[in-house]
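Novice: According to mature numbering (1 follows the signal peptide of the UniProt record, and there is no 0), the stretch in the sequence shown is residues -27 to -1, 1 to 67, in order.
We put the beta carbon where it would ideally sit given N, CA and C, even for glycine.
Only a predicted model underlies this, so the values are computations on that prediction, with no experimental measurement involved.
This is the structure I have questions about; it appears just below.
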Amino acid sequence: HEIAHMWFGNLVTCAWWGNLWLNEGFARFYQYFLTGSVAPELGYERRFMVEQYISALSVDSVDSAHALTNPDVYNPTTVWNHFSTITYARGACI
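Below you can see the structure in the form of structure tokens.
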């Protein structure tokens, strides 16, 4: 995950915090994809489906689910509130 952040989030980053899901979603996806490419016998493709896809569906099924993008991110508290399962899991699934 953090190695993926060397590219997504450090070298290439979003113009504003409202699109944080791009950085976190790509990092979470490549955390599984790259590990699965190096060691396919570990079953990371299946782990992604169980750990991320099912998690994203679960948090999307409640009334408190929010959109991935948010133009109203304007202070540290609203940035912090944007770090959630929706940001990581749904972002990775997209």
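Closest to Arg1 by CA distance: which of Glu18, Asp45, Thr51, Pro13 is it?
Specialist: The count along the sequence shown starts at 1 and reaches residue 1 at position 28. Residue Glu18 is the option with its Cα nearest to Arg1.
Novice: Can you give me the start and stop residues for the alpha helix (DSSP H) that Thr50 sits inside?
Specialist: Position 77 of the sequence shown holds residue 50. Start and end: 49 to 54.
Novice: With DSSP collapsed to three states, give me the class of Val11.
Specialist: For the purposes of this step, residue 11 is identified with residue 38 of the sequence shown, where counting begins at 1. Three-state DSSP puts Val11 in a helix.
Novice: For Val23, which three-state DSSP category applies?
Specialist: In the sequence shown, residue 23 corresponds to position 50, counting from 1. Helix, per DSSP.
Novice: Sorted by chain position, which residues of the same chain lie with C-beta nearer than 8 Å to Leu7's C-beta, five sequence neighbours on each side aside?
Specialist: Locating residue 7 in the sequence shown gives position 34, counting from the first residue. Same-chain partners within the cutoff: Ile(-25), Ala(-24).
Novice: List the DSSP bridge partners of Val(-16).
Specialist: Against the sequence shown, residue -16 aligns to sequence position 12. Bridge partners of Val(-16): Phe(-20).
Novice: Going by C-alpha distance, which of Trp(-21), Tyr61, Ala12 is nearest Ala29?
Specialist: One-based indexing of the sequence shown puts residue 29 at position 56. Here the closest residue by C-alpha is Tyr61.
Novice: Using C-beta distances below 8 Å, list every residue in its chain close to Arg63, excluding the 5 sequence neighbours before and after it, in chain order.
Specialist: Sequence index remark: in the sequence shown, residue 63 carries index 90 (1-based). Once the five neighbours on either side are set aside, the close Cβ partners of Arg63 are Trp(-7), Gly(-3), Ala29, Val32, Asp33, Leu41.
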